[in-house]
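Written below as structure tokens is the structure these notes are about.
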Amino acid sequence: MERKILHVDVNNAFLSWTALERLKNGETVDIREIPAVIGGDEERRSGIVLAKSMKAKICGIYTGETLYMARQKCPNLQVFKGDYQKYKEYSNSLYKLLLEYTDKIERYSIDECFLDMTEYLQGKNILEIANEISKRVYSELGFTVNIGISSNKLLAKMASDFEKPNKVHTLFKEEIEGKMWKLPVKELFMLGRKTVPKLFNMRIKTIGDLARTDRNLLFKKFGKHGNLMWEYANGIDDSEVIYKPEKPKGIGTSITLPNDIINLEKLEEILLELTEQVCFRLRKEKMLTRSVNVQLRTKDFIDFSHQGKIDFLTDSTKEIYKKAKELLREMYKLNTPVRLIGIRVDKLEDENEAQMSLFENVDNKKQGVLDKTIDELKNKYGYTSIVRGTNVKNRENIRKSKIIE
DNA sequence: TCTGGGGTCCTAGGACCC
DNA sequence: TCTGGGGTCCTAGGACCC
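For the first sequence, this note's numbering assigns the number 35 to the initial residue and increments by one for each residue that follows.
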């Protein structure tokens with residue numbers, strides 16, 4: 035049976051939500067109506083565009099470019115900071131509204147959801163429902179969305195990307211040729227800046243060109259990714275709407291340093307603080323790891339990473355930091371100024387399942403008691419309330435930006 | 001000019017074994 | 001002097017997404 039999938043995408047999410055928040059607080063200018071962007075912090079060397087208004091877009095500003103470039107294109111540009119906590123609240127309010135239509139919702143990101151409406155239509159017309167959702171989001175929540183309708187996730191997502199803002203589009207199988215094939219190939223989901231020039235060299239310029247290219251040729255040239263892009267160009271996608279919350283497969287954090295650092299001890303101090311954040315989240319998820327990965331970025335934007343294994347499953351800050359420090363030292367032979375440092379834990383295993391099957395491999399030294407006590411205090415009084423002694427002097431350096439995406 | 005942070009998935013190539 | 005080949009496991013790095 036053919037599925038009925040919706041993709042709901044908030045228009046200029048961070049900017050729209052910031053606009054609403056400002057209006058709520060008595061500001062009179064709606065920043066959606068002027069050339070404006072949400073940007074990172076230039077002093078912390080994260081000065082990039084995170085979201086833009088329509089007027090900023092008309093100036094040629096795009097997401098991810100530097101604020102410096104954006105100002106060149108649009109001298110009267112207004113730049114605002116984001117508030118991730120607030121964004122989460124707006125995202126939750128959207129999710130709650132959508133739950134009135136189906137519980138089969140995949141929260142793809144903070145501002146995008148897939149809905150599997152197949153079993154919930156009850157004879158109703160999918161286009162009418164999409165229009166109703168669109169109107170209700172605007173009247174009840176105050177921001178606009180684009181909604182794409184199709185029989186799979188890929189096509190629904192492509193559809194929601196058509197004309198914006200505040201629009202509902204369909205892209206059913208029979209519409210692929212008319213609506214999607216004429217688009218430039220870079221518009222296709224999963225075709226990024228590295229692949230597009232290669233396709234161009236093969237004289238593949240539109241999604242239609244790609245769809246009509248020999249599948250085996252693409253496989254030979256691009257491997258699995260070639261296969262995937264051919265399927266997407268032809269509107270083929272069987273993936274399910276994942277509506278049950280999934281456990282994370284990895285947890286990581288990283289920070290761009292306000293200044294390049296060349297001193298190993300300094301880097302270790304920062305790494306400890308990052309490790310604490312990661313382990314706090316790891317324990318919150320009730321997951322264990324034995325795989326640790328440390329990443330460095332040099333001042334020239336070259337990335338390095340090393341990963342290593344711990345002999346047992348653990349969530350202990352001490353054990354994970356011990357390994358992380360080892361990895362950092364191993365790598366630091368480069369002796370080059372470091373711009374970014376990060377840590378992530380991978381191949382996570384559920385605490386309960388791990389203890390059942392692999393109990394002899396779990397870290398059962400009682401070290402966990404201290405971590406637990408610290409976690410409880412952090413939960414009660416806020417994350418920054420408790421700091422290991424050595425971290426205090428770094429706190430100013432690396433206070434984290436709350437912005438993502 | 002300056003270039004975020006948090007994820008997932010894939011692949012090339014090295015180590016090791018038979 | 002010539003240096004197989006297949007399989008598995010692992011890591012570093014890269015591509016892509018929002």
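Every residue gets a Cβ at the ideal spot worked out from N, C-alpha and C, and that includes glycine. This one's a predicted model, so the numbers in the text were calculated from it and none came from an experiment.
Would DSSP call S185 helix, strand or coil?
coil
Assess, as a yes-or-no matter, whether the stretch 44–55 is touched by the stretch 107–117 under the definition of 3 or more beta carbon pairs within less than 8 Å.
yes
Supposed close pair L347, L322 - CB separation, criterion 8 Å:
Right, the Cβ-Cβ distance comes to about 4 Å (below 8 Å), so this counts as a contact.
Rounded to the nearest angstrom, what separates D271 and H259 at their Cα positions?
Pairing D271 with H259, the inter-Cα distance amounts to about 14 Å.
Identify the continuous alpha helix (DSSP H) that holds N293 and give its terminal residues.
Here N293 belongs to no alpha helix (DSSP H); instead the beta strand (DSSP E) covers 285–295.
Please report the straight-line C-alpha distance between I295 and G74, rounded to a whole angstrom.
21 Å
For the beta strand (DSSP E) that contains T204, what are its first and last residues?
In the DSSP assignment, T204 falls within the unbroken beta strand (DSSP E) covering 202–204.
Classify K373 as helix, strand or coil using the three-state DSSP reduction.
Inspection of the sequence shows that residue 373 is occupied by Arg rather than by Lys. Here R373 sits in strand by DSSP.
Identity of the residues DSSP links to L330 by a beta bridge:
F338, I375
Would you mind working out which of D150, R66, E76, A104 sits nearest M35, comparing C-alpha positions?
D150
Just to confirm my understanding: we take E319, look at its own chain, exclude 5 residues before and 5 after, and list those with CB closer than 8 Å. What are they?
K281, P282, I285, L382
Are the CB atoms of A164 and L298 nearer to each other than 8 Å?
no
Taking the beta carbon of S124 as the centre, do at least 16 other beta carbons fall within 10 Å, making it buried, or is it exposed?
Looking at the sequence itself, residue 124 is Tyr, so the reference to Ser does not match. Burial call: buried.
Kindly indicate which three-state DSSP category W51 falls into: helix, strand or coil?
helix
If I follow the unbroken alpha helix (DSSP H) through C313, where does it start and stop?
298–318
Whole alpha helix (DSSP H) elements within the stretch 98–135, 4-residue minimum:
101–107, 118–132
Which of the three DSSP states is assigned to L217 in this structure?
coil
Residues bridged to E383 (per DSSP)
L322
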